[in-house]
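Heads up: the sequence shown is residues 1 to 117, going by UniProt numbering. Glycine is no exception: its CB is placed at the ideal position from the N, C-alpha and C atoms. Because the structure is a prediction, the values reported are computed rather than measured.
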Amino acid sequence: HVFNMLHDNSKPCTNLNGQGGSSRHVMAPVMAHVDPEEPWSPCSARFITDFLDNGYGHCLLDKPEAPLHLPATFPGKDYDADRQCQLTFGPDSSHCPQLPPPCAALWCSGHLNGHAM
């Protein structure tokens, strides 16, 4: 998203990715599992290559104005899975305990904009 990349299931990407080829890469619309052997789809790889080849990557070489100090603990230490869902989707949300542990992906249930999720 930082590079204004499209999701892998978007119309412009379907020709490059093929049918069903959009669910296992970083820019999948829902990130359930990223293929470690091929984390980027053909569409995303093409997009970032075009971005860099057209000279738009020079800003990536800028030195930061100040160092970025990250917290010493990971989010799961300060906020449990339910609280992370609430911060993302609202106070009535909670994590789905029947799904795998939330280490790689956090699945939440609740309501968002009046719709069940």
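Buried/exposed call for residue i, threshold 16 Cβ in 10 Å
i             : result
aspartate 8   : buried
glutamine 84  : buried
asparagine 17 : buried
histidine 95  : buried
cysteine 59   : exposed
cysteine 13   : buried
cysteine 103  : exposed
Cα-Cα separation, residue i to residue j
i                : j          : result
phenylalanine 89 : leucine 68 : 27 Å
proline 71       : alanine 28 : 28 Å
leucine 106      : alanine 81 : 7 Å
Among the options, the one whose alpha carbon lies nearest that of residue i
i          : options                        : result
proline 36 : Pro100, Gly55 and Ser23        : Ser23
glycine 76 : Pro101, Asp62 and Pro91        : Pro101
leucine 87 : Ala66, Thr73, Gln98 and Ser109 : Ser109
7 Å CB neighbourhood of residue i in its chain, flanking five on each side removed
i            : result
histidine 33 : Arg24
Neighbourhood of residue i by C-beta, 8 Å cutoff - its chain only, sequence neighbours within 5 removed
i                : result
phenylalanine 47 : Phe3, Met5 and Leu6
Proximal residues to residue i (C-beta, below 6 Å), its chain only, five neighbours per side dropped
i           : result
residue 119 : Shown here, the chain extends from 1 to 117; a query on residue 119 therefore has no answer.
proline 42  : Leu16 and Asn17
List in chain order: all unbroken alpha helix (DSSP H) runs of 4+ residues lying wholly within the UniProt domain "Peptidase M12B" (1-64).
Fully enclosed alpha helix (DSSP H) runs of 4 or longer: 11-17 and 42-53.
Report the start-end ranges of each alpha helix (DSSP H) in the stretch 62-110 that is 4 residues or longer and not cut off at the edges.
Inside the stretch 62-110, DSSP marks whole alpha helix (DSSP H) runs of 4 or more residues at positions 75-78 and 81-89, from first to last along the chain.
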